[in-house]
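Enquirer: Sharing a structure below in structure tokens format, with a few things to ask.
2 protein chains.
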Amino acid sequence: MVGIDEVARRAGVSTATVSRALSGNGHVSPATRLKVKAAALELGYVVSSNASSLASGRMKNIGVVVPFLNRWFFSSVVEGAQKALLQNGYDLTLYNLTGGGDERRSVFEHFLLRQRVDAVIAISLELTESEVARLHALGKPLVGVGGPISGVRTLTIDDVAVSRLATEHLLALGHTRIAHIGGNKDFDLDFHLPTNRRFGYEAALDGAGIGLSAELFQPADFTIRGGYRAAKQLLGSPHDRPTAIFAASDEMAIGSILAARDLGLVVPRDVSVIGVDDHELADFFGLSTIAQFPQGQGAKAVEILMDQLHPGKHDQAALNTPMPFELIVRSSTARPGG
Amino acid sequence: MVGIDEVARRAGVSTATVSRALSGNGHVSPATRLKVKAAALELGYVVSSNASSLASGRMKNIGVVVPFLNRWFFSSVVEGAQKALLQNGYDLTLYNLTGGGDERRSVFEHFLLRQRVDAVIAISLELTESEVARLHALGKPLVGVGGPISGVRTLTIDDVAVSRLATEHLLALGHTRIAHIGGNKDFDLDFHLPTNRRFGYEAALDGAGIGLSAELFQPADFTIRGGYRAAKQLLGSPHDRPTAIFAASDEMAIGSILAARDLGLVVPRDVSVIGVDDHELADFFGLSTIAQFPQGQGAKAVEILMDQLHPGKHDQAALNTPMPFELIVRSSTARPGG
DNA sequence: TTGAAAGCGCTAACAC
DNA sequence: GTGTTAGCGCTTTCAA
Numbered sequence: 001m002v003g004i005d006e007v008a009r010r011a012g013v014s015t016a017t018v019s020r021a022l023s024g025n026g027h028v029s030p031a032t033r034l035k036v037k038a039a040a041l042e043l044g045y046v047v048s049s050n051a052s053s054l055a056s057g058r059m060k061n062i063g064v065v066v067p068f069l070n071r072w073f074f075s076s077v078v079e080g081a082q083k084a085l086l087q088n089g090y091d092l093t094l095y096n097l098t099g100g101g102d103e104r105r106s107v108f109e110h111f112l113l114r115q116r117v118d119a120v121i122a123i124s125l126e127l128t129e130s131e132v133a134r135l136h137a138l139g140k141p142l143v144g145v146g147g148p149i150s151g152v153r154t155l156t157i158d159d160v161a162v163s164r165l166a167t168e169h170l171l172a173l174g175h176t177r178i179a180h181i182g183g184n185k186d187f188d189l190d191f192h193l194p195t196n197r198r199f200g201y202e203a204a205l206d207g208a209g210i211g212l213s214a215e216l217f218q219p220a221d222f223t224i225r226g227g228y229r230a231a232k233q234l235l236g237s238p239h240d241r242p243t244a245i246f247a248a249s250d251e252m253a254i255g256s257i258l259a260a261r262d263l264g265l266v267v268p269r270d271v272s273v274i275g276v277d278d279h280e281l282a283d284f285f286g287l288s289t290i291a292q293f294p295q296g297q298g299a300k301a302v303e304i305l306m307d308q309l310h311p312g313k314h315d316q317a318a319l320n321t322p323m324p325f326e327l328i329v330r331s332s333t334a335r336p337g338g
Numbered sequence: 339m340v341g342i343d344e345v346a347r348r349a350g351v352s353t354a355t356v357s358r359a360l361s362g363n364g365h366v367s368p369a370t371r372l373k374v375k376a377a378a379l380e381l382g383y384v385v386s387s388n389a390s391s392l393a394s395g396r397m398k399n400i401g402v403v404v405p406f407l408n409r410w411f412f413s414s415v416v417e418g419a420q421k422a423l424l425q426n427g428y429d430l431t432l433y434n435l436t437g438g439g440d441e442r443r444s445v446f447e448h449f450l451l452r453q454r455v456d457a458v459i460a461i462s463l464e465l466t467e468s469e470v471a472r473l474h475a476l477g478k479p480l481v482g483v484g485g486p487i488s489g490v491r492t493l494t495i496d497d498v499a500v501s502r503l504a505t506e507h508l509l510a511l512g513h514t515r516i517a518h519i520g521g522n523k524d525f526d527l528d529f530h531l532p533t534n535r536r537f538g539y540e541a542a543l544d545g546a547g548i549g550l551s552a553e554l555f556q557p558a559d560f561t562i563r564g565g566y567r568a569a570k571q572l573l574g575s576p577h578d579r580p581t582a583i584f585a586a587s588d589e590m591a592i593g594s595i596l597a598a599r600d601l602g603l604v605v606p607r608d609v610s611v612i613g614v615d616d617h618e619l620a621d622f623f624g625l626s627t628i629a630q631f632p633q634g635q636g637a638k639a640v641e642i643l644m645d646q647l648h649p650g651k652h653d654q655a656a657l658n659t660p661m662p663f664e665l666i667v668r669s670s671t672a673r674p675g676g
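Order-wise, the sequence lines are chains G and F.
Residue numbering for the first sequence is 1 to 338, as defined by the numbering used here.
Residue numbering for the second sequence is 339 to 676, as defined by the numbering used here.
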């Protein structure tokens, strides 16, 4: 590996100047900078991140903690964050908590502590108090995406508004018997969002002067399979079948569409279905949905961290921008009986 | 941050001894080791990975390069690798090439070179010659998973055997008009496996004395949507409709099942469908498939790297173990007309 | 604007 | 088995 001193010699300057020219910290005359960059390029020099980090205290590395990796939302957020980090010259170190237990503990008690990251992004994570404490003890910037972490700045769509919008879309079409498939209590512990989505649904019905009825709610686990089961329950009822279903995730909505088909119902003629996410499969199934943009959320998280890490370097990101969402109407929703 | 010298003072030993006791390198008396560990725990000491890496040349970090993250196979491999790395005290730094172009170049020309990783795992990546050259220039262990990299040890299932097995399953059930949905040429450039899967299919038919016919092959892009389109083409044919479809991925197989349903065909009565992967949705759709175990592949890649990084520490992993696969029969395959 | 030199916190010879 | 000490390769005062 070629080191900084070789570059210095080649460029006829000191190592200090090379460091300044390449990192952009401190002033170097344009001429020198050019010489140094040329020398570095010719020699194929790349800084040793360890030496640089040790000397400067900057790691150029962000830790990203996720509870799962093989779910659309999580991997999309990571993808968005990765791309943004790359552009800023940062690495992304991934900590996947799937499996829980020991792994989870060692991530918080060991891995995150070894001075390897400048900041942490926690995705849809419900953390214990001691975990939050450890994170704060790091003394490093921390931002959450998609899930509430007590005392931590979190990027998330307004779940109440999202589900209200979805429900209002159905109401506007003329539906009055609207079922909801949302998170069950177990899930709630980890995400909290199911509850909020339920609130929005209830608020919308309320606003339309429609009473809630318990048999129009089914809990499920945010998967296609879970949505399928829940929808079968709702649609199998011989009396007063709902004419529309609002599922708190696209995967559950897709499960609902499949359940409807298996019951011989035609979507949207017999039942309308709307989800939340704009999952990659939503388009294929013609699913109406409220899109959220997880990659944008990942990128935004990075932007905020960069602001904190390099104050003044970027335009200060508005710290309380709510994340955008958008109703996308496809072919799974229509007027009842239409 | 508490440093090694504080621990040394607290334990009444030198920093060298602390280093030895904590890292397990070099000999320390059991009594001393205990004292040191206790002191470290009390003080909440965790080594600075930078200082450690700089001094030792070991990064305790593996780079993982993936072309996509939000596909089941990739995220599963990463998950498996992550878990195995964690157990070995290693971090995982992720490089996602999605988007290609600039990002891709900077990963190879910058990020991987800054001495941050001890080794690299490349997942299903078709690399250019110059990229392979750069990787080799790192002088670090390198292992591929699921895709062929010229001159690099790669972990993969035997695609020919896999597709032969799938096809033979259909043949054994009595099918003779067996269609195949495989990769198209564009995809081939990146993966190569489609071709191999097609070979196995052809070999199996050949072995059964059944001639190939061009209209029984449809290219697709490994997604549900692609499989759906391809299957519509195959099953929509008014004459000599195939009685079975072997799709080179579960996602395409699921697309085929949905296409069959939309055409009014019943699976498996009118058409049998088999895929490859054992995707998380396979079970839900009752899909017969050849399972591969991506998490196991990720874990295996780590095992091999650990062997190379710490010779003698682990049992030498047999370097040429082919990755396992397994026929899983569910309800999407049956005797023709059954 | 540039150079000299003192560390950053740890590991690994080398001595004892 | 343990301590002493010289770096690892860079960044950053401080002086010039």
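All C-beta atoms, glycine included, are put in the ideal place defined by N, C-alpha and C.
Only a predicted model underlies this, so the values are computations on that prediction, with no experimental measurement involved.
For a test of the three-state rule: what should DSSP assign to Ala546 of chain F, helix, strand or coil?
Expert: The count along the second sequence starts at 1 and reaches residue 546 of chain F at position 208. Ala546 of chain F: coil per DSSP, three-state reduction.
Enquirer: Given a threshold of 16 other Cβ atoms within 10 Å of its Cβ, counted over all protein chains shown, does Asp429 of chain F qualify as buried or as exposed?
Expert: Mapped onto the second sequence, residue 429 of chain F falls at position 91. So Asp429 of chain F counts as buried.
Enquirer: For Pro294 of chain G, count neighbouring Cβ atoms within 10 angstroms of its own Cβ and tell me buried if that reaches 16, exposed if not.
Expert: Walking along the first sequence from the start, residue 294 of chain G turns up at place 294. Under this definition Pro294 of chain G is a buried residue.
Enquirer: Out of F:Ala586, F:Leu603, F:Thr561 and F:Ile592, state which residue places its alpha-carbon closest to the alpha-carbon of Ser575 of chain F.
Expert: Translated into the one-based positions of the second sequence, residue 575 of chain F becomes position 237. Comparing Cα positions, the closest option is F:Leu603.
Enquirer: Excluding the five sequence neighbours on either side, which residues of its own chain have a C-beta within less than 8 Å of the C-beta of Ile400 of chain F, listed in chain order?
Expert: Here residue 400 of chain F refers to the residue found at position 62 of the second sequence. Result list for Ile400 of chain F: Ala419, Leu423, Tyr428, Asp429, Leu430, Thr431, Val455, Asp456, Ala457, Val458, Ile459, Val640 and Leu643, in chain order.
Enquirer: What residues from chain G crowd round Ser386 of chain F, counting only those whose CB sits closer than 8 Å?
Expert: The residue given as residue 386 of chain F occupies position 48 in the second sequence. Within 8 Å Cβ-Cβ: Leu54, Arg114 and Gln115.
Enquirer: So, does the CB of Val416 of chain F fall closer than 8 Å to a CB anywhere in chain G?
Expert: The residue you call residue 416 of chain F lines up with position 78 of the second sequence. Yes, because at least one Cβ of chain G sits closer than 8 Å to the Cβ of Val416 of chain F.
Enquirer: Check whether the Cβ atoms of Arg371 of chain F and Ala354 of chain F lie closer than 8 Å to each other.
Expert: Here residue 371 of chain F refers to the residue found at position 33 of the second sequence. Here residue 354 of chain F refers to the residue found at position 16 of the second sequence. The answer is no: Cβ separation not under 8 Å.
Enquirer: From Val160 of chain G to Gln292 of chain G, what distance separates their C-alpha atoms?
Expert: If you number the first sequence from 1, residue 160 of chain G lands on position 160. If you number the first sequence from 1, residue 292 of chain G lands on position 292. C-alpha separation (whole angstroms): 13 Å.
Enquirer: Got a sec: which bits of the stretch 211-235 of chain G sit with their beta carbon under 9 Å from any beta carbon on chain F, in order along the chain?
Expert: From the stretch 211-235 of chain G, only Thr223, Ile224, Arg225 and Tyr228 have a Cβ closer than 9 Å to chain F.
Enquirer: For Val267 of chain G and Leu234 of chain G, I'd like the C-alpha separation in whole angstroms.
Expert: On the first sequence, position 267 is the one that residue 267 of chain G refers to. On the first sequence, position 234 is the one that residue 234 of chain G refers to. In a straight line, the C-alpha of Val267 of chain G is about 15 Å away from that of Leu234 of chain G.
Enquirer: Would you mind giving the Cβ-Cβ distance between Asn70 of chain G and Glu417 of chain F, rounded to the nearest angstrom? I have them listed as a contact below 8 Å.
Expert: In the first sequence, counting from the first residue as 1, residue 70 of chain G sits at position 70. In the second sequence, counting from the first residue as 1, residue 417 of chain F sits at position 79. Correct: roughly 6 Å between the Cβ atoms.
Enquirer: On the CB-based measure, 16 or more other CB atoms within 10 Å of its CB, does Glu589 of chain F come out buried or exposed?
Expert: Within the second sequence, numbered from 1, the residue matching residue 589 of chain F stands at position 251. Label assigned to Glu589 of chain F: buried.
Enquirer: Out of curiosity, what's the CA-to-CA distance linking Leu647 of chain F and Pro324 of chain G?
Expert: Counted from its first residue, the second sequence places residue 647 of chain F at position 309. Counted from its first residue, the first sequence places residue 324 of chain G at position 324. Going from the Cα of Leu647 of chain F to the Cα of Pro324 of chain G covers about 46 Å.
Enquirer: From Leu216 of chain G to Asn50 of chain G, what distance separates their C-alpha atoms?
Expert: Numbered from its first residue, the first sequence carries residue 216 of chain G at position 216. Numbered from its first residue, the first sequence carries residue 50 of chain G at position 50. When rounded, the distance between both Cα atoms is 58 Å.
Enquirer: Report the three-state DSSP secondary structure of Asp277 of chain G (helix, strand or coil).
Expert: Taking the first residue of the first sequence as 1, we reach residue 277 of chain G at position 277. Asp277 of chain G falls in the strand class under three-state DSSP.
Enquirer: So, with DSSP's three-state summary, where would you put Gln556 of chain F?
Expert: On the second sequence, position 218 is the one that residue 556 of chain F refers to. DSSP places Gln556 of chain F in strand when its eight states are reduced to three.
Enquirer: Can you find the residues in the same chain that come closer than 6 Å, C-beta to C-beta, to Ser496 of chain F, ignoring five residues on each side of it along the sequence?
Expert: Here residue 496 of chain F is taken as the residue at index 158 of the second sequence, counted from 1. Note on identity: in this sequence residue 496 of chain F is Asp, with Ser being the wrong assignment. Counting only Cβ-Cβ distances below 6 Å, and skipping sequence neighbours, we find Pro660.
Enquirer: Anyone know if the C-beta pair for Leu511 of chain F and Thr627 of chain F falls short of 8 Å?
Expert: The sequence position of residue 511 of chain F within the second sequence is 173, counting from 1. The sequence position of residue 627 of chain F within the second sequence is 289, counting from 1. No, Cβ-Cβ distance for Leu511 of chain F and Thr627 of chain F is not below 8 Å.
Enquirer: I'd like to confirm the pairing. Which residues does DSSP put opposite Gly520 of chain F in its beta bridges?
Expert: Within the second sequence, the letter at position 182 stands for residue 520 of chain F. Beta-bridge pairing links Gly520 of chain F to F:Pro557.
Enquirer: Report the three-state DSSP secondary structure of Gly226 of chain G (helix, strand or coil).
Expert: One-based indexing of the first sequence puts residue 226 of chain G at position 226. Of the three classes helix, strand and coil, the one that applies to Gly226 of chain G here is helix, per DSSP.
Enquirer: Residue range of the alpha helix (DSSP H) that Thr505 of chain F falls in?
Expert: For the purposes of this step, residue 505 of chain F is taken as residue 167 along the second sequence, with counting starting at 1. Segment Asp497 to Ala510, the alpha helix (DSSP H) holding Thr505 of chain F.
Enquirer: Hey, could you find the ends of the alpha helix (DSSP H) Asp240 of chain G is sitting in?
Expert: Residue mapping note: residue 240 of chain G aligns to position 240 of the first sequence, counting from 1. No alpha helix (DSSP H) contains Asp240 of chain G, which DSSP labels as neither H nor E.
Enquirer: Along chain G, in chain order, which residues have C-beta atoms closer than 7 Å to that of Gln420 of chain F?
Expert: For the purposes of this step, residue 420 of chain F is taken as residue 82 along the second sequence, with counting starting at 1. Simply Leu94 and Asn96.
Enquirer: Can we count Ala552 of chain F as close to the ligand SAH, meaning its CB is less than 7 Å from some heavy atom?
Expert: With respect to the ligand SAH, the structure shown offers nothing to examine, as it has no ligands at all.
Enquirer: With 8 Å as the C-beta to C-beta threshold (strictly closer), list the residues of the stretch 454-483 of chain F near chain G in chain order.
Expert: The stretch 454-483 of chain F vs chain G, Cβ under 8 Å: Arg454.
Enquirer: From the DSSP output, in three-state form, read off Tyr201 of chain G for me.
Expert: Residue numbering aside, residue 201 of chain G sits at position 201 when the first sequence is read from its first letter. Here Tyr201 of chain G sits in helix by DSSP.
Enquirer: Does DSSP put Thr17 of chain G in a helix, a strand or coil?
Expert: Taking the first residue of the first sequence as 1, we reach residue 17 of chain G at position 17. Three-state DSSP puts Thr17 of chain G in a helix.
Enquirer: Got a sec, what are the start and stop residues for the alpha helix (DSSP H) Ser551 of chain F sits in?
Expert: Taking the first residue of the second sequence as position 1, residue 551 of chain F is located at position 213. Neither: Ser551 of chain F is in no alpha helix (DSSP H) and is coded neither H nor E.
Enquirer: Along chain G, in chain order, which residues have C-beta atoms closer than 8 Å to that of Asn408 of chain F?
Expert: Along the second sequence, one-based indexing puts residue 408 of chain F at 70. By Cβ distance, chain G contributes Trp72, Ser75, Ser76, Glu79 and Glu280.
Enquirer: How would you list, in chain order, the residues of chain G whose beta-carbon sits under 7 Å from the beta-carbon of Asp429 of chain F?
Expert: Taking the first residue of the second sequence as 1, we reach residue 429 of chain F at position 91. Within 7 Å Cβ-Cβ: Thr93, Phe111 and Arg116.
Enquirer: Which parts of the stretch 39-110 of chain G are runs of the beta strand (DSSP E), unbroken and 3 residues or longer, counting only runs that do not cross its ends?
Expert: Counting whole runs of 3 or more residues, the stretch 39-110 of chain G contains the beta strand (DSSP E) stretches 61-66 and 91-96.
Enquirer: If you follow the beta strand (DSSP E) that Ile461 of chain F is part of, which residue opens it and which one closes it?
Expert: As a first step, residue 461 of chain F is located in the second sequence; it is residue number 123 there, counting from the start. Ala457 to Ile461 is the extent of the beta strand (DSSP E) around Ile461 of chain F.
Enquirer: I want to verify the contact list: residues of chain F whose CB lies under 7 Å from the CB of Ser106 of chain G, in sequence order.
Expert: By one-based count along the first sequence, residue 106 of chain G stands at place 106. Here the neighbours are Leu424.
Enquirer: Quick one: does Phe631 of chain F have its CB under 8 Å from some CB of chain G?
Expert: The residue labelled residue 631 of chain F in the question sits at position 293 within the second sequence. Cβ-Cβ to chain G under 8 Å: no for Phe631 of chain F.
Enquirer: Please classify Val7 of chain G: does DSSP put it in a helix, a strand, or coil?
Expert: Residue numbering aside, residue 7 of chain G sits at position 7 when the first sequence is read from its first letter. Note: Val7 of chain G maps to helix in three-state DSSP.
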